[in-house]
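K.L.:
Structure incoming, see below.
Numbering (this note's numbering), first residue to last: 248 to 483.
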């Protein structure tokens, strides 16, 4: 018996030995209200699947790097093009929700011509795919750390236009109602937001995809997304 115990203890401390699969660790973008919605919804999905996971907040570019390198097991919410330049990631084909890219400016300042954006100083959050792709051809781009800083710079007149997701902007404007910021266009693009998982987690992929398929077909997933968005906005 003693020899068996010694063998077990030896194995326990060998690299790569585990009694069960480690808890999955996903990346999410720090200080992004839309990611709060995705996190809440995804936790419900994983709870139904009986799979343990945790979510780590990182700057957008860092989250992308750690996920792409395999240090994280995936990301909770990214658009379709996020996966085009990464290998080893599986995209669950059922959207968690939708990302609406929208333009914002200060009311009372210069009149912004949305058809002549090349003339203006435009702010985006660094590493956010849907906004970074939208502005990539413009000459005067300011990359900021997060949406809170972005909206403050816009309100102070440091930039002319902010390109941000509608949910994040609504959250910030509800939190700071005395700003003079308003949307200056309808959403310029609406894209589905997907959950990405490292391909090595085949059983997790099967379970999560099955549950999200069922929730999508019943309409529950979209209903919960919209509910969680409004609850988040009103929580300020």
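We put the beta carbon where it would ideally sit given N, CA and C, even for glycine.
Bear in mind the structure is a predicted one, so any value in this text is a computation, not a measurement.
#1: What three-state label does DSSP hand residue 440 in the structure shown?
#2: Just tell me which of 353, 377, 363, 294 has its CA closest to the CA of residue 325.
#3: My assumption, with CB atoms under 8 angstroms, is that residue 452 sits in contact with residue 458. Please give the rounded CB distance.
#4: Using the three-state DSSP reduction, which class does residue 435 fall into: helix, strand or coil?
#5: Could you give the first and the last residue of the continuous alpha helix (DSSP H) run that contains residue 284?
#6: Measuring CA to CA, which of 474, 437, 349 is closest to residue 394?
#7: Using the rule of at least 16 other Cβ atoms within 10 Å of the residue's Cβ for burial, across every protein chain shown, is residue 437 buried or exposed?
#8: Taking three-plus beta-carbon pairs below 8 angstroms as touching, is the stretch 325-336 in contact with the stretch 427-441?
#9: Roughly how many whole angstroms lie between the Cα atoms of residue 415 and residue 367?
#10: Under 8 angstroms by Cβ, that's how I've got residue 420 and residue 284 pegged, so tell me the actual separation to the nearest angstrom.
#11: According to DSSP, is residue 378 part of a helix, a strand, or is it coil?
#12: Does the Cβ-Cβ distance between residue 335 and residue 442 come in under 8 angstroms?
#13: Starting from residue 311, follow the alpha helix (DSSP H) in both directions and report where the run begins and ends.
#14: What is the C-beta distance between residue 374 and residue 306, in whole angstroms, given that I count them as a contact (C-beta under 8 angstroms)?
#15: For residue 282, count neighbouring C-beta atoms within 10 Å of its own C-beta (all shown protein chains included) and say buried if the count is 16 or more, exposed if not.
#16: I'd like to confirm the pairing. Which residues does DSSP put opposite residue 412 in its beta bridges?
#17: Going by C-alpha distance, which of 425, 447, 330 is nearest residue 354?
#18: What does DSSP give as the partner residue(s) for residue 429 in the beta ladder?
#19: Considering only their Cβ atoms, is the gap separating residue 412 from residue 347 smaller than 8 angstroms?
#20: By the DSSP assignment, the beta strand (DSSP E) with residue 389 in it spans what residues?
#21: Span of the alpha helix (DSSP H) holding residue 336?
#22: When you compare only the Cα positions, how much space is there between residue 381 and residue 481?
#23: By the three-class DSSP mapping on this structure, what secondary structure does residue 276 have?
#24: Please work out which residues of its chain come closer than 6 angstroms, Cβ to Cβ, to residue 295, disregarding the five sequence neighbours upstream and downstream, and give them in chain order.
P.N.:
Per the coordinate set shown:
#1: For the purposes of this step, residue 440 is identified with residue 193 of the chain shown, where counting begins at 1. For residue 440, the secondary structure class from DSSP, reduced to helix, strand or coil, is strand.
#2: As a first step, residue 325 is located in the chain shown; it is residue number 78 there, counting from the start. The option with the nearest alpha carbon to residue 325 is 377.
#3: Mapped onto the chain shown, residue 452 falls at position 205. Mapped onto the chain shown, residue 458 falls at position 211. In this structure, residue 452 and residue 458 do not form a Cβ contact; the two beta carbons are roughly 11 angstroms apart against a cut-off of 8 angstroms.
#4: Indexing the chain shown from 1 puts residue 435 at position 188. Coil, per DSSP.
#5: Within the chain shown, numbered from 1, the residue matching residue 284 stands at position 37. Counting along the chain, the alpha helix (DSSP H) containing residue 284 begins and ends at 280-296.
#6: Within the chain shown, the letter at position 147 stands for residue 394. Of the residues 474, 437, 349, the one whose Cα lies closest to the Cα of residue 394 is 349.
#7: Taking the chain shown and counting its residues from 1, one reaches residue 437 at position 190. With fewer than 16 other CB atoms across the displayed protein chains lying within 10 angstroms of its CB, residue 437 is exposed.
#8: As far as the Cβ criterion goes, the stretch 325-336 touches the stretch 427-441, which means the pair count is three or higher.
#9: Translated into positions along the chain shown, residue 415 becomes position 168. Translated into positions along the chain shown, residue 367 becomes position 120. Straight-line spacing of the CA atoms in residue 415 and residue 367 works out to 22 angstroms.
#10: Taking the first residue of the chain shown as 1, we reach residue 420 at position 173. Taking the first residue of the chain shown as 1, we reach residue 284 at position 37. The Cβ separation is near 16 angstroms, so there is no contact.
#11: For this step, residue 378 is matched to residue 131 along the chain shown. Three-state result, residue 378: helix.
#12: Residue mapping note: residue 335 aligns to position 88 of the chain shown, counting from 1. Residue mapping note: residue 442 aligns to position 195 of the chain shown, counting from 1. The Cβ atoms of residue 335 and residue 442 do not sit closer than 8 angstroms to each other.
#13: Here the question's residue 311 lines up with position 64 in the chain shown. Its alpha helix (DSSP H) spans residues 307-315.
#14: Your numbering for residue 374 matches position 127 in the chain shown. Your numbering for residue 306 matches position 59 in the chain shown. Their Cβ separation, rounded to whole angstroms, is 6 angstroms, which keeps residue 374 and residue 306 in contact under 8 angstroms.
#15: If you number the chain shown from 1, residue 282 lands on position 35. Residue 282 is buried by the Cβ-count criterion.
#16: Taking the chain shown and counting its residues from 1, the one referred to as residue 412 is at position 165. The partner list for residue 412 (beta bridge, DSSP) reads 348.
#17: For this step, residue 354 is matched to residue 107 along the chain shown. Selection 425, 447, 330 evaluated against residue 354 yields 425 as nearest (Cα-Cα).
#18: By one-based count along the chain shown, residue 429 stands at place 182. Note: residue 429 sits in a beta bridge opposite 352.
#19: The residue given as residue 347 occupies position 100 in the chain shown. The residue given as residue 412 occupies position 165 in the chain shown. Cβ distance < 8 angstroms, so residue 347 and residue 412 count as in contact.
#20: Mapped onto the chain shown, residue 389 falls at position 142. Counting along the chain, the beta strand (DSSP E) containing residue 389 begins and ends at 388-391.
#21: Residue 336 sits at position 89 when you count from the first residue of the chain shown. Looking at the DSSP string, residue 336 is not in any alpha helix (DSSP H); the run it does join, the beta strand (DSSP E), is 336-338.
#22: By one-based count along the chain shown, residue 381 stands at place 134. By one-based count along the chain shown, residue 481 stands at place 234. Their backbone Cα atoms lie some 29 angstroms apart in a straight line.
#23: Counting from 1 along the chain shown, the entry for residue 276 is found at position 29. Looking at residue 276 - three-state DSSP - the assignment turns out to be strand.
#24: Position 48 of the chain shown, counting from 1, holds the residue named residue 295. Closer than 6 angstroms at the Cβ level, and outside the excluded window around residue 295, lie 458.
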